[in-house]
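J.: For the sequence shown, position 227 (counting from the first letter as 1) is numbered 222 according to my numbering, and the numbering increases by one without interruption. Just so it is clear, CB atoms sit at the ideal spot from N, CA and C, and this is done for glycine as well. This structure is a prediction, so every number in the text was calculated from the model and none was measured. My questions will all concern the structure given below.
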Amino acid sequence: MPDVLIVKTGTTLEPIAARRGDFESWIGAGLGIDSARLRVVRVFAGEALPHPGDFGGVIVTGSSAMVTDREVWSETTAAWLADVVAEATPLLGICYGHQLLAHGLGGRVAKNPRGREIGSVDVTLTRDAAGDDLVGGSPAVFRAQTSHVESVLELPPGATLLASTGLDPNHAFRVGRSAWGVQFHPEFDADITRGYLRERRAVIASEGLDFGRLIAAVGAAPHAAAVLRRFARLLRG
């Protein structure tokens, strides 16, 4: 199993971290690989990125930051991701990482005009997803955990659209054969998603969303979680 670099673009919410840990722990568990094979670089805290070809695979985490804020660390990471794609290193961008990958390759990211997407949602695969190494083994429609305000409004040139949701037409994409972006969180379970909903309850209400309906709809999302296991299998060859 080659070493995997986790590019950490932020942290989970503090109350969730206190009892469940953070993104890198959940991603490592989802991959099912030894923690000794993982390296974490906290780019949001100014830690330097390695050469794009130094790792067998790269995963970019979610964040409470916004790609449109164009923070220096974020823009630097976006340019670095373009180099990772050029190196053909297997790459998975999750939520913020999905958006940052699209931005770094020439797509457009902005506040989703359809509103916040949070909770367990239905993800619908496109015809082009059939046979895809990462999502092609999933049902045509499957549940996934989400929490985001910004979205990829325009895919990068040459990208293949893989999935959409009711609020996000560009919910997953592939560039080439080895780089993917997924807006959903394959590392979240139902408990984590409920935690996000509870912590965001006030803003959810201010936006006119129905907290009770959203939290009642939260459930397991095994097919979304399987994306991490498939990524690990790709790295093993």
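Could you spell out the range, first to last residue, of the alpha helix (DSSP H) harbouring T72?
T.: Position 77 of the sequence shown, counting from 1, holds the residue named residue 72. Its alpha helix (DSSP H) spans residues 67 to 82.
J.: Put D123 into one of helix, strand or coil per three-state DSSP.
T.: The residue given as residue 123 occupies position 128 in the sequence shown. D123: helix per DSSP, three-state reduction.
J.: What is the DSSP secondary structure of D(-2), counted as helix, strand or coil?
T.: Here residue -2 refers to the residue found at position 3 of the sequence shown. The answer is coil: DSSP assigns D(-2) none of H, G, I, E or B.
J.: Going by C-alpha distance, which of H180, D127, A212 is nearest Y91?
T.: Walking along the sequence shown from the start, residue 91 turns up at place 96. That would be H180, whose Cα lies nearest to the Cα of Y91.
J.: Please return the same chain residues whose Cβ sits closer than 6 Å to the Cβ of A154, not counting the five positions on each side in sequence.
T.: On the sequence shown, position 159 is the one that residue 154 refers to. Cβ neighbours of A154 beyond the five flanking positions: F168, V170.
J.: Could you tell me which whole beta strand (DSSP E) segments of length 3 or greater appear in the region 131 to 186?
T.: Listed in chain order, they are 136 to 143, 145 to 149, 155 to 159, 167 to 170, 174 to 177.
J.: So who's on the other strand from V118, going by DSSP bridges?
T.: On the sequence shown, position 123 is the one that residue 118 refers to. The partner list for V118 (beta bridge, DSSP) reads F137.
J.: Going by DSSP in three states, R228 sits in which element: helix, strand or coil?
T.: On the sequence shown, position 233 is the one that residue 228 refers to. It is helical.
J.: Tell me I54's beta-bridge partners as DSSP assigns them.
T.: Here residue 54 refers to the residue found at position 59 of the sequence shown. For I54, which the question treats as bridged, DSSP gives the partners I1, L87.
J.: Taking DSSP's pairing of strands, which residues face A236 in a bridge?
T.: The question about residue 236 has no answer, for the chain in this structure spans -4 to 232.
J.: In chain order, what residues of the same chain have a beta carbon less than 8 Å from the beta carbon of T63, not counting five sequence neighbours either side?
T.: As a working mapping, residue 63 is identified with position 68 in the sequence shown. Only V104, A105, K106, E145 meet the Cβ criterion.
J.: Tell me the residue span of the beta strand (DSSP E) that contains R32.
T.: Working through the sequence shown from its first residue, we reach residue 32 at position 37. No beta strand (DSSP E) contains R32, which DSSP labels as neither H nor E.
J.: Within its chain, find whatever has a CB closer than 6 Å to the CB of R138; leave out the 5 residues flanking it on each side and keep chain order.
T.: Counting from 1 along the sequence shown, the entry for residue 138 is found at position 143. Once the five neighbours on either side are set aside, the close Cβ partners of R138 are S115, A216.
J.: My guess is that L44 and T72 are in contact by the Cβ rule of under 8 Å, so how many angstroms apart are they, rounded?
T.: What you label residue 44 is simply residue 49 of the sequence shown in a count that begins at 1. What you label residue 72 is simply residue 77 of the sequence shown in a count that begins at 1. Right, the Cβ-Cβ distance comes to about 7 Å (below 8 Å), so this counts as a contact.
J.: Would the beta-carbon of V222 fall within 8 Å of that of L95?
T.: Looking up residue 222 in the sequence shown gives position 227. Looking up residue 95 in the sequence shown gives position 100. Not in contact: V222 and L95 (Cβ atoms no closer than 8 Å).
J.: Quick one: what's got a C-beta closer than 7 Å to G48's C-beta in the same chain, skipping five residues either side?
T.: One-based indexing of the sequence shown puts residue 48 at position 53. Once the five neighbours on either side are set aside, the close Cβ partners of G48 are E82, T84.
J.: At the level of alpha carbons, what is the spacing between E194 and F50?
T.: For the purposes of this step, residue 194 is identified with residue 199 of the sequence shown, where counting begins at 1. For the purposes of this step, residue 50 is identified with residue 55 of the sequence shown, where counting begins at 1. If I take the Cα positions, the gap works out to 35 Å.
J.: For E9, which of helix, strand or coil comes out of DSSP?
T.: Numbered from its first residue, the sequence shown carries residue 9 at position 14. Residue state, collapsed to three classes: helix.
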